[in-house]
Amino acid sequence: MTAVLQVSNLRKAFGGVVAVDGVSFEVHPGEILGIIGPNGSGKSTLFNCVLGQLQPSAGEIRIDGQVTTGARPCDLNRLGVSRTFQLLQVFPQLSVHDNLILAGQEHQGTMSSRLFGRTDAGLGDAAAQMIEFFRLSHLAEEQAGSLSYGQQKLLDAAMAFMAGPRLVLLDEPAGGVNLTMLGNLRERLQAYHAERKATFVVIEHQMEFVMALCTRVLVLAEGRLIAEGAPDEIRRNPIVIEAYLGH
Amino acid sequence: MTRLGTAVLVGATMAAIVAPFFLKPYGIFLISTWAVLTIAAIGLNLTLGYAGQISLAQGAFVGIGAYTVALLTPLGVPFFLAFLAAGLLCFAVGWGLGYPALRVQHHYLAFVTLAFTTLVFLVLRNEQWLTNGIYGITGTPRPSILGWSTSGARDFYFFCLGILAPLSLATWWMLRSPWGRAFVALRENPLRALSLGLDTRRYTLMAFAIGSSLGGLSGALYAPLVQFIEPNSFALGLSFNLLLMVIVGGAGNFFGPFVGALVAVLLPEWLRITQGYYLILYAAAIMVMMAFCPSGLLGLAERAIKSLNGRRAGATAAVRAEGAGP
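Those protein sequences? They're chains A and B, same order as listed.
Here the first sequence stands for residues 1 to 247, where the numbers follow the working numbering.
Here the second sequence stands for residues 1001 to 1326, where the numbers follow the working numbering.
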């Protein structure tokens, strides 16, 4: 079976600082892969290279077997790669409903057909369903900027799923979210995964969140891959404890 | 749109239609100027208010449009062809000007567009073989449509209104389509927009090109309106004035440019009764307005209506609570 995401010998250097150093891994269909590591281990740089925000210095990235190294984020999104951000990235002056339509509209027709098409790009019902799935129905017409931090995190996740992506990269989804909302977010992600068989890659510091959500975990330290395995193996791995959990 | 909004819109449209019958020629000239500059302000509102790309070049596009018509019509080119040429030329130049916006933002972009305005001014002033330099161009004819001559002040006003209406409708259509949402996304969060599949590069260029094109079409009407154009008319002052119209009316609000242009064209005239002080008072009024309603006059109106509705809802709840009491 072709890997949804295949990263081969990825390297990214900023001048003399090597942030990611020869990292290779694969993500298989339906998998929830966690990537952990101490601060400065290269997780976000790796993410940004995969997502086209940064040009890798060397190496290759493939999505569904197709080489996408250096592709623009918008082109990757149209190939079915979606993401959430570490810091809140919603459109604060648009309603929750409009945020979700925006998240899917570029997948509907061409640019010129969208100009003459329906205001909601034919996504009104799909947006309403996604809002309901993430339990935000009572806030559908509210401006996204007026939502609480946790609600905006849920909206951020809902937007990432709106276009029915093949692969979703979640960048610290639990960051700054209170425990109640965290449980809610994890449960919604698990429900979405079970329902749609989507493939996730999660960068997270919150270890309980990663261990409960992910089926496999990679550990980065100083830009290199130092361990890989099931969550329980990772928790017991002395190299990981030394490099990360012990800190 | 609410019932109140519809009523205001219908009332304003009626007022725009009947106004010239109650005005002297200078008054008709002023409302014609309003109609013409509103088109340019709508364009700038698209670029700046919706797509968030600061531009101090809109006055230059009005100039390019005005000179296009003023130069082509004496060669025998029909007005409507010259009008279309002005729009297309500004679309192309605006597309080109959009490229710096892909690299720089905010005040850096403001400086890029400011430099462009200066460049256009210098070309208009120095390339005398083409533009007649500081002597300008006089007598751009007003068009005739199927035997209807628009050379009279009132006729030309209705002609301008007849151009403003479809351009406004087309812009409204575009802004209510997914494109409008994409432009707002550019303004609010381009990084997120890009990650959601929006080709931010193409939308940015499109926002510049369409906005500039509307500036050019406005200029194409400006030349036959004033009958004399010269480079100073399209220097930085006009770009600032158009920016003022957008900000005072309410940037990112569809009707903002209509209100802003009305204020920018009429307020200085109303203040003329103060003679030498009118520009000082005008500047002070703008400063006060911006300090107390940075979202523009329409933003202020929206806030007032919300507050009124809130009070009304509160009063209704209080009456109900009283009725339910012992």
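Where is the CB? At the ideal position from N, CA and C, for every residue including glycine.
| Check | Outcome |
| --- | --- |
| Use the C-beta contact count for Val1018/B: other C-beta atoms within 10 angstroms, 16 or more gives buried, fewer gives exposed. | exposed |
| Find the residues of chain B that neighbour Leu115/A, judging by a C-beta separation of less than 7 angstroms, and give them in chain order. | Met1174, Ser1177, Trp1179 |
| Going by DSSP, what residues sit across from Phe1327/B in a beta bridge? | Lying before the first or after the last residue shown, residue 1327/B is absent from chain B, which here runs from 1001 to 1326. |
| Go through its chain and collect everything with a Cβ distance to Phe47/A's Cβ below 7 angstroms, but skip five positions before and after it. | Leu169, Asp171, Ile203 |
| Hey, does Asp1155/B have any beta-carbon neighbour from chain A nearer than 8 angstroms? | no |
| Output, in chain order, the set of chain B residues within a Cβ distance shorter than 9 angstroms of Pro173/A. | Within 9 angstroms Cβ-Cβ: nothing; Pro173/A doesn't reach chain B, min ~15 angstroms. |
| Which residues does DSSP list as the beta-bridge partners of Phe200/A? | Ile32/A, Val168/A |
| In this structure, what does DSSP give as the bridge partners for Trp965/B? | Only positions 1001 to 1326 of chain B appear in this structure, which leaves residue 965/B out of reach. |
| Taking buried to mean at least 16 other C-beta atoms within 10 Å of its own C-beta, is Asn9/A buried or exposed? | exposed |
| Just by C-beta distance, which residues in the segment 52-74 of chain A are closer than 7 angstroms to chain B? | Pro73, Cys74 |
| Under 9 angstroms between beta-carbons, which chain B residues line up against Ile101/A? List them in chain order, please. | Pro1178, Arg1181 |
| Answer yes or no: do Ala1066/B and Ile1229/B have a C-beta to C-beta separation smaller than 8 angstroms? | yes |
| Per DSSP, what kind of secondary structure is Phe1228/B in: helix, strand or coil? | strand |
| Along chain A, in chain order, which residues have C-beta atoms closer than 8 angstroms to that of Glu1188/B? | Phe91, Pro92, Gln93, Leu94 |
| Just how far apart, CA to CA, sit Met159/A and Pro165/A? | 10 angstroms |
| Taking just the CA atoms, how far does Leu1221/B sit from Asn1189/B? | 36 angstroms |
| Can you look up Val1288/B in the DSSP assignment and give me helix, strand or coil? | helix |
| Have a look at Met1289/B, Ile1305/B, Thr1117/B, Phe1080/B and flag the residue whose alpha-carbon is nearest the alpha-carbon of Arg1003/B. | Ile1305/B |
| Looking only at C-alpha atoms, which of Asp98/A, Arg188/A, Phe161/A sits nearest to Trp1179/B? | Asp98/A |
| Over what stretch of residues does the beta strand (DSSP E) that includes Gly229/A continue unbroken? | 224-229 |
| Nearest-angstrom Cα distance between Leu1297/B and Leu1030/B? | 21 angstroms |
| With distances taken from CA atoms, which of Glu31/A, Cys74/A, Gly22/A, Gly34/A is nearest Ser57/A? | Gly22/A |
| On the premise that Tyr1050/B lies in contact with Leu1175/B, defined as a C-beta separation below 8 angstroms, what is that separation, rounded to the nearest angstrom? | 7 angstroms |
| Give, in chain order, every residue of the segment 1199-1214 of chain B whose Cβ lies closer than 8 angstroms to some Cβ of chain A. | Asp1199, Thr1200, Arg1202 |
| Within 10 angstroms of its Cβ, does Pro1257/B collect 16 or more other Cβ (buried), or is it exposed? | buried |
| Per DSSP, what kind of secondary structure is Lys12/A in: helix, strand or coil? | strand |
| What three-state label does DSSP hand Leu1238/B in the structure shown? | helix |
| Find the residues of chain A that neighbour Val1184/B, judging by a C-beta separation of less than 9 angstroms, and give them in chain order. | Phe91, Gln93, Leu94, Asp98, Leu102 |
| Tell me, which residues are paired with Phe25/A by DSSP? | Val7/A |
| Assuming Leu5/A and Ile63/A form a contact by the criterion Cβ under 8 angstroms, report the distance between their Cβ atoms to the nearest whole angstrom. | 6 angstroms |
| With DSSP run on the structure shown, which of helix, strand or coil describes Ile1137/B? | strand |
| How many whole angstroms separate the CB atoms of Ala103/A and Ala163/A, which I take to be in contact at a CB cut-off of 8 angstroms? | 6 angstroms |
| How long is the line joining the alpha carbons of Leu154/A and Val1036/B, rounded to whole angstroms? | 46 angstroms |
| From Met130/A, Val67/A, Pro38/A, Gly183/A, pick the residue whose C-alpha is nearest to that of Thr2/A; which is it? | Val67/A |
| In angstroms, rounded to a whole number, what distance separates the CA positions of Met130/A and Ser95/A? | 14 angstroms |
| Report the residues of the segment 118-150 of chain A with a CB closer than 7 angstroms to any CB of chain E, ordered along the chain. | Absent from the structure: chain E. Protein chains present are A and B. |
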